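Before any comments, here is the structure.
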Amino acid sequence: MGRLFRFTLAGGIGFVADAAALWLLLAATPLGALLARVLSIGFALCVTWQVNRHLTFAPSSRSVAQEGARYGGVGIATSIVNYLVYCAILFALPALPPLAALAIASIVAMTLSFLGYSRLVFDR
Numbered sequence: 053m054g055r056l057f058r059f060t061l062a063g064g065i066g067f068v069a070d071a072a073a074l075w076l077l078l079a080a081t082p083l084g085a086l087l088a089r090v091l092s093i094g095f096a097l098c099v100t101w102q103v104n105r106h107l108t109f110a111p112s113s114r115s116v117a118q119e120g121a122r123y124g125g126v127g128i129a130t131s132i133v134n135y136l137v138y139c140a141i142l143f144a145l146p147a148l149p150p151l152a153a154l155a156i157a158s159i160v161a162m163t164l165s166f167l168g169y170s171r172l173v174f175d176r
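Heads up, the sequence shown is in the working numbering, so the first residue is 53 and it goes up one at a time.
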């Protein structure tokens, strides 16, 4: 149960990083909500890899490059789910703020992320 709590904490940190990057990109650039989200997801993946590596799971026995590639693979797969849910929500509810759509989409993708990271990246 401790690992799940730490994963949720790491996800919360990643969510804040994602939301902050999205907010900054929307406020400071001409990027729309869809393109800005692609960039914010990339930033959040980098943040959560380091938090999960050092707090949730501990470094794997693989090299940093191998671990990073596996983390990126799982992260990209779950980010696609996250992004598709985000887009679907914004298209279905155009008046909903992008940050609210981000929150809902992130919750949906969290279970997939935990299963992928615990079994494919940081397995022992």
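Quick reminder that beta carbons are idealized off the backbone N, C-alpha and C, glycines included.
Predicted model only: the values in this text are computed from it and were never measured.
| Asked | Found |
| --- | --- |
| Whole-angstrom C-beta distance between T130 and G168, which should lie under 8 Å | 6 Å |
| Beta-carbon separation (whole angstroms), A73 vs L154, contact threshold 8 Å | Contact doesn't hold; Cβ gap of about 10 Å is too wide. |
| Simplified DSSP state of T130, which is helix, strand or coil | helix |
| Check whether A69 and A96 have beta carbons under 8 Å apart | yes |
| Straight-line Cα distance separating L91 from L61 | 22 Å |
| Alpha-carbon to alpha-carbon, I65 and A147 | 26 Å |
| Assigned secondary structure, D70 (DSSP; H/G/I helix, E/B strand, else coil) | helix |
| Inter-residue Cα distance where the pair is V116 and I93 | 21 Å |
| Length-filtered (4 minimum) alpha helix (DSSP H) runs lying within the region 84-167 | 85-103, 116-144 |
| CB of S112 within 8 Å of CB of V173, strictly | yes |
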